[in-house]
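*Asks:* Let me begin by handing over the structure; questions about it come next.
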Amino acid sequence: MGSWGTPLTVAALLVAASTGIAAAGGFAVREQSAEGQGANFAGVAAGLNGLSSMFWNGATMTLHEGYTSESNFAGVLPSSRADDGASPAIPLPGFEDSGNIGEAALLRSSYSVYQVNDRLFVGLAMTSPFGLSTDADRWVGSPVASKSSLTTFNANPNVAYKLTDVVSVSGGVQIEYAKLDLEAENPVSGLKVGNIEGDDVALGFTAGVLFTPTEATQVGLGFRSAIEHSFTGEGFLPGFEGDMQTDLDMPEIVTLGLRHRVDDRWTAMAGVERSNWSRVDKITVEGPGGVPLTTTVTDWDDGWFFSLGAEYAW
870 MGSWGTPLTV
880 AALLVAASTG
890 IAAAGGFAVR
900 EQSAEGQGAN
910 FAGVAAGLNG
920 LSSMFWNGAT
930 MTLHEGYTSE
940 SNFAGVLPSS
950 RADDGASPAI
960 PLPGFEDSGN
970 IGEAALLRSS
980 YSVYQVNDRL
990 FVGLAMTSPF
1000 GLSTDADRWV
1010 GSPVASKSSL
1020 TTFNANPNVA
1030 YKLTDVVSVS
1040 GGVQIEYAKL
1050 DLEAENPVSG
1060 LKVGNIEGDD
1070 VALGFTAGVL
1080 FTPTEATQVG
1090 LGFRSAIEHS
1100 FTGEGFLPGF
1110 EGDMQTDLDM
1120 PEIVTLGLRH
1130 RVDDRWTAMA
1140 GVERSNWSRV
1150 DKITVEGPGG
1160 VPLTTTVTDW
1170 DDGWFFSLGA
1180 EYAW
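The opening residue of the sequence shown carries number 870 in this note's numbering; numbering runs sequentially from there.
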């Protein structure tokens, strides 16, 4: 089975496959706002009634007076499977089906904002913007990837300032911890044939602007920078055991949002988002001294997300 040397790449793709509902493309996790989910995230960069819009645009902190905090919880119940895995190259009758590879997860995000004065606001967002995991039954693809897990924790302190009553701006730092754990096994015996574990802490930044031309209209533009992770850890592949390293870039994300209060009851919302997933062009696992152990071209495309929504003040 010559494909044993590429567990990282295939496992990462299995993560993506299992998150069709939960992800904002690739392996991003969109569920950072319970309120935003209610309107399919339309207009989130222009502000919500709560604080969670600061995940997409920190300048929305200027919409909240005094001190405010908020927590969001989301249950993710993915379902995905790979069927018809048998081939003449890997004749394993009875092991063609992976079963449901998606694993349930409980996601939490929390936000807090403090108004320093009439113009200056500071805040902190604690989120898990990328991840999810897979766990397949013993099947023909197990020697490539039987389990995979990518977990992230992101702390994002922000500062926002009202330049005028119409324009607010923000900037922040992302401090992100990421952990990667991948396994491969022999589908017949159940013995592990590959394992990669590693973690990393990396930095990024956020920026945003909020434009309020009238009391009824808000337009927001937010930016989350790319974060370049270099996972280091230990593992083994066929023919090698020891220290390993691999790079994986999280994409930059640009979000544009619009909110317009039509009347005392109705508010219309719209949003556009672009994620630079083309950063994930290949994945290389290296051994000591930077010696390549496996390299696989993924060639992902950038992602677009469009949304429309409405709120009704009951």
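Glycine residues also receive a C-beta, built at the ideal position from the N, C-alpha and C atoms.
#1: Taking the DSSP output, what are the residues bridged to F1175?
#2: Along the chain, where does the beta strand (DSSP E) containing Q1114 start, and where does it finish?
#3: Per DSSP, what kind of secondary structure is A893 in: helix, strand or coil?
#4: Are the region 912-931 and the region 1121-1139 in contact at 8 Å, needing three or more beta carbon pairs?
#5: So, under 8 Å CB-CB, D1168 and D1150 are touching, yes? Tell me the CB distance rounded to an integer number of Å.
#6: Over what stretch of residues does the beta strand (DSSP E) that includes E1054 continue unbroken?
#7: A903 lies in the alpha helix (DSSP H); which residues open and close that run?
#8: Spell out a yes or no on whether the region 921-931 and the region 1080-1093 are touching, meaning 3 or more CB-CB pairs, one atom from each, closer than 8 Å.
#9: Is the beta carbon of K1031 closer than 8 Å to that of T931?
#10: Measure the C-alpha to C-alpha separation of L1177 and L1162 and round it to an integer number of angstroms.
#11: Just how far apart, CA to CA, sit E1045 and A1076?
#12: Looking at C-alpha atoms only, which residue of A1024, R1007 and F1022 is the closest neighbour of K1016?
#13: Which two residues bound the contiguous beta strand (DSSP E) that contains P1012?
#14: Can you tell which of S979, A1005 and V1038 has its C-alpha closest to the C-alpha of N969?
#15: Under 8 Å between the Cβ atoms of D1133 and A1085?
#16: When you compare the CB positions of G1156 and M1113, do they come within less than 8 Å of one another, or not?
#17: Does the Cβ-Cβ distance between H1098 and D1116 come in under 8 Å?
#18: Return yes when the C-beta of V1070 is under 7 Å from any heavy atom of the ligand ATP, and no when it is not.
#19: Less than 6 Å between C-beta atoms, sequence neighbours within five positions excluded: which residues of the same chain meet that for N1055?
#20: When DSSP builds the beta bridges, which residues end up paired with F1074?
#21: How big is the Cα-Cα spacing for L917 and V1036?
#22: Thinking just about the alpha-carbon of each residue, which of S1039, L1049, P1120 and E1103 is nearest to the one in F1080?
#23: From P998 to F1022, what distance separates their C-alpha atoms?
#24: Near F964, which residues of its chain fall below 6 Å by C-beta distance, leaving aside the five closest residues on each side in sequence?
#25: For the candidate residues T1124, E1066 and T1164, whose alpha-carbon lies nearest to that of E1110?
#26: By Cβ distance below 7 Å, which residues in the same chain neighbour L1125 in space, the five residues on each side in sequence not counted?
#27: Using C-beta distances below 6 Å, list every residue in its chain close to V1166, excluding the 5 sequence neighbours before and after it, in chain order.
#28: Mind checking whether N941 and A903 have CB atoms under 8 Å apart?
*Replies:* Reading from the atomic positions:
#1: On the sequence shown, residue 1175 is found 306 positions in, with the first residue counted as 1. Within the DSSP bridge table, the entry for F1175 names V1141 as partners.
#2: The residue labelled residue 1114 in the question sits at position 245 within the sequence shown. First-last of the beta strand (DSSP E) with Q1114: F1109 to M1119.
#3: Position 24 of the sequence shown, counted from the start, is the residue given in the question as residue 893. Below a pLDDT of 50, predicted positions are generally treated as unreliable, and A893, at 46, falls in that range; no measurement from the model is reported.
#4: Touching, per the Cβ criterion.
#5: As a first step, residue 1168 is located in the sequence shown; it is residue number 299 there, counting from the start. As a first step, residue 1150 is located in the sequence shown; it is residue number 281 there, counting from the start. The pair is a contact, with the Cβ atoms about 6 Å apart (cut-off 8 Å).
#6: Taking the sequence shown and counting its residues from 1, the one referred to as residue 1054 is at position 185. First-last of the beta strand (DSSP E) with E1054: V1036 to E1054.
#7: In the sequence shown, counting from the first residue as 1, residue 903 sits at position 34. Per DSSP, the continuous alpha helix (DSSP H) segment holding A903 begins and ends at A903 to G907.
#8: Taking a cut-off of 8 Å on C-beta distances, the region 921-931 touches the region 1080-1093, as three or more cross pairs fall below it.
#9: Taking the sequence shown and counting its residues from 1, one reaches residue 931 at position 62. Taking the sequence shown and counting its residues from 1, one reaches residue 1031 at position 162. A contact, by the Cβ cut-off of 8 Å.
#10: Numbered from its first residue, the sequence shown carries residue 1177 at position 308. Numbered from its first residue, the sequence shown carries residue 1162 at position 293. Cα to Cα, the separation comes out at about 46 Å.
#11: Counting from 1 along the sequence shown, the entry for residue 1045 is found at position 176. Counting from 1 along the sequence shown, the entry for residue 1076 is found at position 207. Near 16 Å, if we compare the C-alpha coordinates of A1076 and E1045.
#12: Counting from 1 along the sequence shown, the entry for residue 1016 is found at position 147. Answer by Cα proximity: R1007.
#13: The residue labelled residue 1012 in the question sits at position 143 within the sequence shown. Here P1012 belongs to no beta strand (DSSP E), and DSSP marks it neither H nor E.
#14: For the purposes of this step, residue 969 is taken as the residue at position 100 of the sequence shown. Comparing Cα-Cα distances from N969 to each of S979, A1005 and V1038, the minimum goes to A1005.
#15: By one-based count along the sequence shown, residue 1133 stands at place 264. By one-based count along the sequence shown, residue 1085 stands at place 216. It is not a contact, given that the beta carbons lie outside the stated cut-off.
#16: Residue mapping note: residue 1156 aligns to position 287 of the sequence shown, counting from 1. Residue mapping note: residue 1113 aligns to position 244 of the sequence shown, counting from 1. It is a contact, given that the beta carbons lie within the stated cut-off.
#17: As a working note, residue 1098 is residue 229 in the sequence shown. As a working note, residue 1116 is residue 247 in the sequence shown. Yes, the Cβ-Cβ distance between H1098 and D1116 is below 8 Å.
#18: In the structure shown, the ligand ATP is absent, as is every other ligand, since no ligand is present at all.
#19: Locating residue 1055 in the sequence shown gives position 186, where the first residue counts as 1. V1062, listed in sequence order.
#20: Locating residue 1074 in the sequence shown gives position 205, where the first residue counts as 1. Looking at the DSSP assignment, F1074 forms a beta bridge with V1042.
#21: Locating residue 917 in the sequence shown gives position 48, counting from the first residue. Locating residue 1036 in the sequence shown gives position 167, counting from the first residue. Distance between the alpha carbons of L917 and V1036: 17 Å.
#22: The residue you call residue 1080 lines up with position 211 of the sequence shown. Of all alpha-carbon atoms in S1039, L1049, P1120 and E1103, the one lying nearest the alpha-carbon of F1080 is that of S1039.
#23: In the sequence shown, the residue the question calls residue 998 occupies position 129. In the sequence shown, the residue the question calls residue 1022 occupies position 153. About 7 Å.
#24: By 1-based counting over the sequence shown, the position of residue 964 is 95. Spatial neighbours of F964 in its own chain (CB-CB distance under 6 Å, excluding positions within 5 residues in sequence) are listed in chain order as W1008, V1009 and P1056.
#25: Along the sequence shown, read from residue 1 onward, the residue named residue 1110 stands at position 241. Checked all of T1124, E1066 and T1164; the closest Cα to E1110 is E1066.
#26: Within the sequence shown, the letter at position 256 stands for residue 1125. Hits under 7 Å: A914, L1090, G1140 and V1141.
#27: Along the sequence shown, read from residue 1 onward, the residue named residue 1166 stands at position 297. Answer for V1166: K1151, listed in chain order.
#28: In the sequence shown, the residue the question calls residue 941 occupies position 72. In the sequence shown, the residue the question calls residue 903 occupies position 34. Yes, these two residues count as a Cβ contact at 8 Å.
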